[in-house]
Amino acid sequence: MSASIQGGAAAATEGVDVSASRRPGSIRHVALREPTAIAGLAIIAFFVLIALLEPILVTGDPKEKVGPIFEPPSASYPLGLDGGGANMVDLLIAGTRVSLLVGFCAALVSAFIGGTVGVLAGFYGGKTDVVLMRTTDYFLVIPDIPLMIVAAALFGRSLTNIIIIIGVIYWTTTARLIRAQVLSVRERVYVKRARALGAGNRRLIFKHILPQVAPLLVANTVLLVAYAIFAETFISFLGLGDPSVISWGRLIENAFNDDAILNNAWWAIIPPGLCVTLVVLGATLFGQSLEDALNPRLRVGHLSVRRFKVRPLRGKLDAE
Amino acid sequence: MRTPLLAVEDLNVWFELPGGGELHAVRGTGFELEAGERFGLVGESGCGKTTAMLSIMGLLPPNASVSGEVRLEGENILARGEESVSRHRWNDIAMVFQGSMNAFNPVQTVGSQIEEPMHLHGVAEGKVARRQTEALLERVGIPKDRADRFPHEFSGGMRQRAAIAMALACEPKILLADEPTTALDVMVQAQILELLVSLAADFNLALILVTHDLPVVAQVCDRAAVMYAGEVAESASIDALFHTPKHPYTRLLFAATPDLHAGGERVASIPGAPPRLDQPIVGCPFQPRCDSAFAPCATETPILKSVGERHVAACHLNDHVREVATA
Amino acid sequence: MSTNGSKPLLEVEGLVASYPVGRGLVGAAKREPKLEVHAVDGVSFSLSRGEMLALVGESGCGKTSTAQSVLRLIETSGGSIRFDGEEITGLSSKALRPLRRRMQIVYQDPYESLDPRFRVGATIEEPLEVHKIGSKKERREEVKRALELAGLTPAELYVDRYPHELSGGQRQRVAIAASLVLGPELLVADEPVSMLDVSVRAGILSILDELRDKGLAVLMITHDLSTAAHYADRIAVMYLGRIVEEGPTREVIENPQHPYTQALLSVVPKRDPRERGTPQILRGETPNSIHIPPGCRFNPRCPIAIAECKTVDPELRRPAASTDPQHLAACIRV
């Protein structure tokens with residue numbers, strides 16, 4: 006029919022713009038420039054460091070009585086002593102380990118369950134989706150605290166159980182989030198194209214859908230860490246935590262049981278509470294900025310009060 | 003010399019880039035528009051035609067800076083930025099956007115959205131506004147009882163007509179249309195274009211049609227400017243652009259557009275890509291892709307100069323042409 | 529119906545495909561009849577090797593659904609599709625798998641066609657991996673060959689790039705390369721250039737052109753009649769799920785017989801401002817394919833409709849004024 010112009014030279018002279026817009030999906034780099042992300046990450050890193058250095062920082066048994074009950078802070082014991090006469094600083098450091106461990110593990114359990122449910126429901130749709138989403142709804146409806154209490158009472162108060170309980174409560178939001186994302190990725194042209202050339206479901210899920218969904222899952226998991234640490238604190242505070250380990254929640258529980266308030270021993274209550282708050286804050290800041298980087302909100306420049314600027318005339322060019 | 007209805011002169015627009023630096027999107031563009039004239043602004047993606055058009059209405063984002071003049075009946079409406087241009091928005095210059103789905107608020111009836119500018123600009127109120135709205139809808143081919151319907155109840159073509167009615171609400175002198183038919187089927191496109199042409203005639207409207215679709219401009223417009231890399235490459239009557247182009251880009255652009263009856267004629271493709279606008283451009287911006295480039299093209303920027311009756315082009319191939327005195 | 533005497537590669541007969549449309553709770557409660565979009569409502573055509581057939585029409589005419597049905601990407605409810613003599617409508621997805629190597633598709637949107645996390649080389653290699661063809665080394669060679677066929681030379685420059693580093697035209701070439709790497713015999717191109725700038729379109733279409741010359745059968749879907757007129761060997765015009773006119777390109781373009789084709793061609797804008805002509809603009813818009821008018825589906829908008837048109841559903845047959853035996857139109861008045 007019609008003649009053609011060679012395409013080879015055409016495409017080649019275009020060249021490749023390597024500095025072109027950042028690849029959508031490598032948000033990690035973008036997020037790490039945000040002040041909130043850096044602040045959040047710094048806080049978490051600080052506590053992780055403390056947890057890792059615990060064997061060096063704490064010598065001997067942190068619960069050992071080293072002085073009178075509820076001794077106020079002094080030079081040798083900057084955070085005073087608790088209701089059993091033990092060094093608050095040592096206790097806090099020891100508690101860091103447990104709290105962080107439970108937090109991270111529970112978040113991972115949640116992310117795994119939620120991610121799997123979300124991917125399966127979103128990808129397969131139909132009956133699978135209905136069944137999985139109904140289950141999710143049931144879990145959503147169950148009030149978490151009574152469930153935690155009942156579960157702890159039924160299954161015993163070990164650390165593993167705590168992790169599982171928390172994991173099982175919080176996977177529902179992740180599942181919904183991931184499912185929504187999978188639904189949208191599934192309709193993308195490149196997924197349809199892969200299917201059209203004969204790719205099986207497994208390949209589609211692992212090679213095309215999961216990589217797109219993973220960043221959101223990571224961001225969500227970081228937020229889950231915040232929830233999980235708080236949940237652990239709460240469970241321990243209720244007296245349902247593992248009695249053989251020290252955690253921040255346990256410290257607060259002990260302080261209450263030992264009437265710290267009556268004794269005006271603020272150093273027994275506030276420091277552990279502050280630690281929880283800081284870690285939760287850090288995880289939230291970091292997780293939130295990751296999520297924000299992944300879901301760029303619609304720019305509302307046109308609603309901005311600032312207006313476009315007018316520069317002075319450059320002087321007329323020779324137009325004629 | 004008669005003052006043109008709209009004269010754009012030496013228009014420049016810069017956008018601040020997030021990582022620092024600037025994108026010089028419109029680089030000294032200019033053209034003139036007479037009352038009742040149908041003018042096309044043609045170019046491919048990234049040439050700056052939409053930005054230039056938005057500048058005329060002052061609809062630029064906060065990270066934009068603009069310089070140059072936009073003279074409406076002699077008065078530079080861009081002189082004090084937002085303050086001076088907002089007075090003329092919709093009253094004198096109105097716009098129809100591409101993909102009219104975005105032009106309407108989904109939770110308000112179409113009729114109320116057409117009445118809104120009438121209230122805002124004090125053109126009409128209450129029952130009068132209502133009657134004018136119904137008259138406008140009928141004029142664009144929508145039964146007036148549809149005024150109380152919501153945008154999602156309209157088809158694409160009907161919504162575009164409603165968008166045109168909304169643009170005419172304050173009886174402007176100039177109508178800007180940004181790719182008004184790109185998303186529409188060819189039959190609906192023909193209907194909309196026919197509507198625009200008849201409205202321009204009936205209301206003595208000047209029309210600026212911004213599009214990448216050359217044949218649409220060839221059929222609808224009297225004159226057009228072809229833009230490339232933020233500048234006007236050539237501007238002339240549409241007949242001259244097709245039959246006697248004075249810029250290689252214009253010629254190649256037409257050659258790259260297939261035609262129904264052109265038979266075995268080769269369809270051209272233009273190798274390469276437009277230059278980056280965040281860096282200074284040396285010489286003619288089209289030179290790397292031009293099939294007629296010669297010595298001065300890589301180093302000297304060609305100036306837009308007159309090459310015929312109301313015909314200007316920015317190309318060194320015309321350097322030998324003596325200035326033709328224009329009326 | 530083939531241009532060279534050999535047996536056609538693809539033969540489609542009476543193809544029917546529809547989608548259910550939701551009635552909503554109220555509709556279901558009122559027991560309203562279940563509605564269907566009759567996207568493809570009895571389509572027949574054939575396509576031979578080394579031939580390009582353009583399916584043209586406006587939105588809702590069923591051209592994309594037809595193409596996807598042919599590749600068994602959507603389910604059909606009637607009719608037959610024979611690929612190289614073999615009936616493929618009843619085949620299971622497992623049985624279809626080997627066939628997928630022989631028929632491929634290129635999509636409209638170059639910005640969404642490529643997985644943003646895959647390098648160009650990986651995208652093009654994927655079909656080979658899926659069908660377990662060749663060793664790693666052999667695949668790399670095939671990828672290079674495909675890139676060159678698609679005009680991306682030197683291949684080394686492109687193999688390790690990510691899609692976001694490429695222009696729209698380059699991305700579409702990558703998509704084409706990925707569809708060629710398996711050596712298909714049939715290529716469906718769904719609006720392959722409609723999202724690209726005019727100046728790069730010819731480059732992409734010329735690739736399809738050359739492949740057609742080398743023996744590939746190409747089914748091109750497009751709403752742009754001018755593009756179809758330039759590149760296709762044959763054109764089939766669709767309206768509301770049916771082919772209303774088909775034939776060799778020059779014949780259909782210069783001597784259209786069906787009133788819809790005539791109107792459509794008259795409103796396509798021409799490049800030359802001196803050729804403004806008299807466009808025959810039809811009133812109203814194409815009705816949706818849920819309620820197809822009885823008789824000839826075009827009759828409500830047809831400028832030459834008569835009483836009989838409301839009751840007779842015309843078949844494709846050679847019009848009296850055609851100059852080519854392969855020119856068919858579905859209209860009782862021609």
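Each protein sequence line maps, in turn, to chains A, B and C.
With my numbering applied, the first sequence has no gaps in its numbers, which climb one by one up to 325 at the end.
With my numbering applied, the second sequence has no gaps in its numbers, which climb one by one up to 329 at the end.
With my numbering applied, the third sequence has no gaps in its numbers, which climb one by one up to 862 at the end.
Glycine included, every Cβ here is placed at the ideal spot set by N, Cα and C.
Model, not experiment: these values are computed from the prediction.
- Annotation: the region 212-283 of chain B contains the following complete segments of the beta strand (DSSP E) (minimum length 3 residues), in chain order: 225-230 and 233-239.
- For Val199(B), the enclosing alpha helix (DSSP H) has its first and last residue at Val188 to Asp204.
- For Gln632(C), the pairing in a beta bridge is given by DSSP as Leu715(C).
- Non-local beta-carbon contacts of Ile818(C) in its own chain, meaning distances under 8 Å to residues more than five positions away in sequence, involve Val549, Leu563, Glu564, Val565 and His566 in chain order.
- Any Cβ of chain C closer than 9 Å to the Cβ of Gly130(A) would place that residue at the interface, and such an atom is absent.
- Interface with chain C (9 Å Cβ-Cβ cutoff): Tyr195(A) is included.
- Secondary structure note for Ser641(C): it is in no beta strand (DSSP E), with a DSSP letter that is neither H nor E.
- Residues of the region 541-560 of chain C with a C-beta less than 8 Å from any C-beta of chain A: none at all.
- By the neighbour-count criterion, in which 16 or more other beta carbons inside 10 Å mark a residue as buried, Pro276(A) falls on the buried side.
- Residue pairing for Leu575(C): DSSP places it in a beta bridge opposite Leu538(C).
- The Cβ of Val68(B) sits closer than 9 Å to at least one Cβ of chain A.
- Per DSSP, the beta bridge partners of His26(B) are Trp16(B).
- In summary, Arg225(B) is buried, with 16 or more beta-carbon neighbours lying within 10 Å of its beta-carbon over all protein chains present.
- Counting the other CB atoms within 10 Å of its CB gives Asp142(A) a total below 16, which places it among the exposed residues.
- Between Ile154(A) and Val114(A), the C-beta spacing is not below 9 Å.
- Inclusion of His214(B) and Glu181(B) in the CB contact set at 9 Å is warranted, their separation being smaller than that value.
- For Arg91(B), no Cβ of chain A is located within less than 9 Å of the residue's own Cβ.
- By the Cβ criterion, the region 657-672 of chain C is not in contact with the region 718-732 of chain C, since fewer than three pairs of Cβ atoms, one from each stretch, lie closer than 8 Å.
- With a threshold of 16 other beta carbon atoms within 10 Å, Asp688(C) falls short and is exposed.
- By the Cβ-count criterion, Gln110(B) is exposed, with fewer than 16 other Cβ atoms from all chains shown falling within 10 Å of its own Cβ.
- Counting only residues of its own chain and dropping the five nearest sequence neighbours on each side, Arg630(C) has a CB closer than 7 Å to the CB of Pro712, Glu713 and Leu714.
- Ile95(B) has Arg91(B) and Ile176(B) as its beta-bridge partners, per DSSP.
- Judged by beta-carbon spacing, Cys292(B) lies beyond the 9 Å limit of Ala316(B), meaning their Cβ atoms are not closer than that value.
- If you check the CB distance, Ala185(A) and Ala111(A) do not come in under 9 Å.
- Cβ atoms of Glu779(C) and Ser850(C) come within 8 Å of each other, at about 7 Å.
- Around the beta carbon of Pro282(B), a 10 Å sphere encloses fewer than 16 other beta carbons of the protein chains shown; the residue is thus reported as exposed.
- Within the region 181-206 of chain B, the residues whose Cβ lies closer than 7 Å to any Cβ of chain C are, in chain order, Asp187, Val188, Met189, Val190, Ala192, Gln193 and Glu196.
- Assigned with DSSP and collapsed to three states, Asn206(A) falls in helix.
- Ranked by Cα distance from Glu541(C), the options Ile633(C), Gly607(C) and Thr681(C) are led by Gly607(C).
- For Arg132(B), the enclosing alpha helix (DSSP H) starts and ends at Gly128 to Arg141.
- By the C-beta density criterion, Ile609(C) is buried, having at least 16 other C-beta atoms within 10 angstroms.
- In the DSSP assignment, Gly159(B) falls within the unbroken alpha helix (DSSP H) covering Gly158 to Ala169.
- Closest option to Gly113(B), judged by alpha-carbon separation, among Met160(B), Ala149(B) and Arg163(B): Ala149(B).
- For the pair Arg829(C) and Gln808(C), the Cα-to-Cα distance works out to about 12 Å.
- Residues of chain A whose Cβ lies closer than 8 Å to the Cβ of Ile633(C) are, in chain order, Arg198 and Ala201.
- Between the C-alpha atoms of Asn93(B) and Met120(B) there is a straight-line separation of about 9 Å.
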